[in-house]
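Under the numbering used here, the residue at position 84 of the sequence shown is numbered 84, and the numbers go up by one with no gaps. Glycine residues also receive a C-beta, built at the ideal position from the N, C-alpha and C atoms. Predicted model only: the values in this text are computed from it and were never measured.
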Amino acid sequence: MKEREQSIEQALASADKARQEMQNLQATNQKMIDEARLERDQLIKAAKKAADDYRAEEKDKTAKEISKMLEDAKRLIDSEKQAAVNEIKAQIAGLSIEIAEKILKKQLENKDAQKQLVSDLIQELKIN
């Protein structure tokens with residue numbers, strides 16, 4: 001009977017030991033699962049941050065490119081505008097000379113008009 005009691009006690013002790021080992025394994029497994037979840041969350045967070053940083057960098061890069069393109073376009077427009085103004089001034093100067101020549105030719109067709117113009121110019125020079 002004593003042997004049987006010892007046998008039962010050993011079986012209970014073994015069962016208790018096995019139960020404790022099982023609990024330890026479960027605790028270890030849970031710890032590993034928790035660590036894996038934490039690592040996963042950190043990786044997801046890092047990936048989201050990297051994506052956000054990339055988007056912000058690309059947005060900034062695009063804004064700078066657009067700004068440069070606008071500045072280049074403005075410079076080109078200003079340059080073309082100045083060239084057009086210069087061309088118009090040159091045309092106006094040429095037309096003014098042609099008109100002045102025609103007016104002078106018309107006014108100086110007769111001798112009396114020529115004498116009067118010379119006289120007026122001399123008078124004007126004396127006054128100044």
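Please report the distance separating the alpha-carbon of residue 72 from that of residue 64. 12 Å
Would residue 108 pass as a contact of residue 117 if the rule is Cβ separation under 8 Å? In this structure, residue 108 lies near residue 117, with their beta-carbon atoms less than 8 Å apart.
List the endpoints of the continuous alpha helix (DSSP H) containing residue 110. Counting along the chain, residue 110 falls outside any alpha helix (DSSP H), and DSSP gives it neither H nor E.
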